Structure formats: C-alpha cells, structure tokens
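Notes for the one structure printed next.
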Amino acid sequence: MEEKSVVRFANRMDQLPPYLFGMINQMKMEKRRAGDDVIDLGMGNPMDPTPDAVIEKLIEVAKDPKSHRYPESSGMPHLKIEIAKYYKRHYNIDLNSETQTYFTIGSKEGISHLCLAIMGPGDSVLVPAPAFPIHIYAAVIAGANVMKIPIEPEKSFLDRIINICESCYPKPKVLMLNYPHNPTGVVTDKEFFKEVVTLAKRFKFMVINDFAYSKITFDGYEAPSFLEVDGAKDVGVEFGSFSKSYNMAGWRIGYCVGNAEIVQALGKIKGYFDYGIFSAIQVAGIIALRDCDDTIPELANLYQTRRDVLCSGLERIGWDIKKPKAGMFIWAKIPEPFNKMGAMQFAIEMMNRANVAVAPGTGFSEEGEGYLRLALVENEERLRQAVRQMKKAMENIIV
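Counting from -14, one number per residue, gives the positions in the sequence shown under my numbering.
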C-alpha cells in the first residue's frame, strides 16, 4: 500500500514518550503568559549567578576574534590539564589529561553520545530506577535493551546485578550509575563502588557514573568519585558537569574522565556530530576549575538551607519527608489520600490550583509513581510561599 504521508519517522521515535520537562515548561509558560506567578520547583535549573570571575573571563575571550573559530573539540589542553588537577586535588585520582579526559556539551549530551558508541541492538544496560530520563532513553535511542533495577536497598541492588548477569545471555554490557542520585537523592560510599568494580570485572560489563551532583552535598557528607576505587578506570568512566557546582547550566559544558578506550570511543563518535564547545566557554571553564573552589561550599550551604526550609514546611502540612544528603531536589512521597490520584494528576493540580510547578515521579519511570521531585532552585521565601499555596490547594481537592 502506498504511504499517504511524506513525513515518516524512525521506529525509535515510537519508543520515546513526550519529554517530561518540556511538558511542564510548556504548562508553566502558558500560565505565566496569562499573568500567573508560577513558583518553579519542576526543573533543576539553577537561578543563582555564575561566579563573577568566570563571567568576566568569558567576556574577555569572546571579544577576541580568534575565539570565534572552531574550538578544540575534545577540550583545550589547559582545560584538560585543569580537570586532571581538579580530580587530583579533590579525590587524589591521577588522570592522563590527554587520553583520559574529554569535554562535552554538558554531561547529558556526553552520556547520550557515549551510549551510541558502546551500545547497539542486542546489547543490554542496567539502570537504577527511578532514573533521570536520559539514563534510560539514551540507551533506547542507541537500540539497546534497558533492564531497570530498584535503586534501594543497596544490597538488593547489587544482588540483582549478580542474578541478572548469571541468568541472562548475553550478559549486560553496561551498568549506568548516578550518585548522588537524581531524582531520589540516594547517596553511596566507596565500599559500594568497590563491589561494583568487582562485579564489572567478574561479569565483563562497563560502568558509567553520572556525577553531576558531586559537590552539592549536605550535613558533612562528601560524595566519592567512582574513580577513587582501585580498578575503576579499568572498567568505566565518570561524567561531570559545571551546571550545578558553578551555576553554569546554560553554558553547556561537562566532561568525561576515566578509561582511555571508552573516552577515545566517545571522541570518535562525537567527531561526527559536533565541533566541541565554544572556545570562550572553555577558557571560562578553566577559571571555574582553577579559581572557584571556594564558591562551591557556599553554594552547597545555600542548597542545604533551602532543603531545610522546604522539608520542614512540607512536614508541617503532614508530608512524610526524608531529607537528602546531596543533590538539589527533594524526593517527596505524596501523602494520602492524594496519592490515589497518581503523580501526574497531582502535579497538574498543583500547577493549576497552587501555581507551583513540580515534577511527577512517573517522569522518572513507573517506579516513581506516588512521588514528586521538587527542585531547590527558588529562594527561601518563595519555597515557603510554595508550601502555603500547596496546602491551600490540597484543602480544596476532593479525592
């Protein structure tokens, strides 16, 4: 039968649901255009300023005509040296800046392209669930099969890896990790990573750790790097981001470090897709890594204060809240009887009735049903106002 339409999409498009954050942003913008003051707790989009020194360097370099040429695609040599120094300074990890580092247009883009390089039809990837969408759908786009494992409890998570690897053929090719975890805020320690490395070598799978929230930690907790464990560089890589530690989300700069072969594969496939990061942003990144260590604890303290304000506010109106030790989100269980509505409908009610944008847990796979993810991006007074508006809205919802 003759096709009626000229426009026909690849089969992979059928496997991609509408992007959660795009839907939430569209609803938010429609309400704002109508004059509503929406408090945005839906997306982890920092509203605080980038360090002055970073901005000033960007402006300076952007004025140089030479910076307008195609950039160093894998990262300027000095930028790659600085990320190696950063890992040595913070984690006592030795990295070869030439072969074990690569800069990406944000960690999300880097993970997506790496999945294309190391996964394909017939391959399987293990992903903790709930999950940040790209951890699932980057593999789906690459044609791989995703096997989700509940992230908690930790021992059960490791036991399930063993059971899957012993019972499946072919064995999983990749384990995708994300600690500190988005959306749940779950954290881990080096002992867990040691177990992962042991299993990776035993069952011959690669490991990707998304370390985007590495420095946003609270109550004295310090998040370990996956690469701190002996043997980690034999089996995997770690992605990091400037978005959270330096409030550079819109700048789109991230990195991949670790196993040289995997880093090389990422570089090979990216060579077909892009020309790297604008040179002025790369130079500004050097300043962030080299000169802005002192701004990171200040930012973490700011998020910790917001965490405490939002958690205590929600507890006062009857929510059962577990304070996270890291990240920029609260993973909040929807209280009864409102949990019967489902996370998506409850989020819509909060948008329409309370003018508060939140992310429904189902946007992070079905394992997130019954939860909301609340971003700590608004200031303390706006967070208090959000709680008041949510309380009033809930009083008027008939379940």
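Even for Gly, the Cβ is constructed at its ideal location relative to N, Cα and C. Given the structure is predicted, the values throughout are model-derived calculations rather than measurements.
Go ahead and label S210 buried or exposed: buried means 16 or more other beta carbons lie within 10 angstroms of its beta carbon, across all protein chains shown.
Burial of S210 is indicated by the presence of at least 16 other C-beta atoms within 10 angstroms of its C-beta.
With contact counted as at least three CB pairs below 8 Å, one residue from each stretch, are the region 23 to 38 and the region 257 to 265 in contact?
Contact fails: fewer than three Cβ-Cβ distances are below 8 Å.
Leaving aside the five residues before and after V182 along the sequence, list all residues of the same chain whose C-beta is less than 7 Å from its C-beta, in chain order.
V214, G216, A217 and V220
Report the start-end ranges of each alpha helix (DSSP H) in the region 249 to 294 that is 4 residues or longer and not cut off at the edges.
264 to 276
In chain order, what residues of the same chain lie with their CB nearer than 6 Å to the CB of R338, ignoring the 5 residues before and after it?
A378
Can you give, in chain order, each stretch of the beta strand (DSSP E) that sits fully within the region 341 to 365 and has at least 3 residues?
DSSP runs (the beta strand (DSSP E)) wholly in the region 341 to 365: 356 to 360.
Span of the beta strand (DSSP E) holding P135?
N130 to P135
Kindly give me the distance between the Cβ atoms of G261 and S59, rounded to whole angstroms, as I take these residues to be in contact under 8 Å.
7 Å
Is the distance from the Cβ of K133 to the Cβ of S350 below 8 Å?
yes
How would you call C100, buried or exposed, if buried means at least 16 neighbouring beta carbons within 10 angstroms?
C100 should be labelled buried.
Enumerate, from N- to C-terminal direction, the unbroken beta strand (DSSP E) stretches of 3 or more residues contained entirely within the region 165 to 240.
191 to 195 and 221 to 226
Quick one: Cα of V341 to Cα of V372, how far?
9 Å
Same chain, Cβ closer than 8 Å to E386, five either side skipped, listed in chain order
Residue 386 lies beyond the stretch modelled for the chain, which goes from -14 to 384, so this question has no answer here.
Using a threshold of 8 Å, state whether the C-beta atoms of M104 and V159 are closer than that.
Yes, the Cβ-Cβ distance between M104 and V159 is below 8 Å.
State the beta-bridge partners of K318 as determined by DSSP.
Y356
Excluding the 5 residues flanking A129 on each side, which residues of the same chain have their C-beta closer than 6 Å to its C-beta?
Listed in chain order, the non-local C-beta contacts of A129 below 6 Å within the same chain comprise M104, D108 and V110, local neighbours out to five positions each way being set aside.
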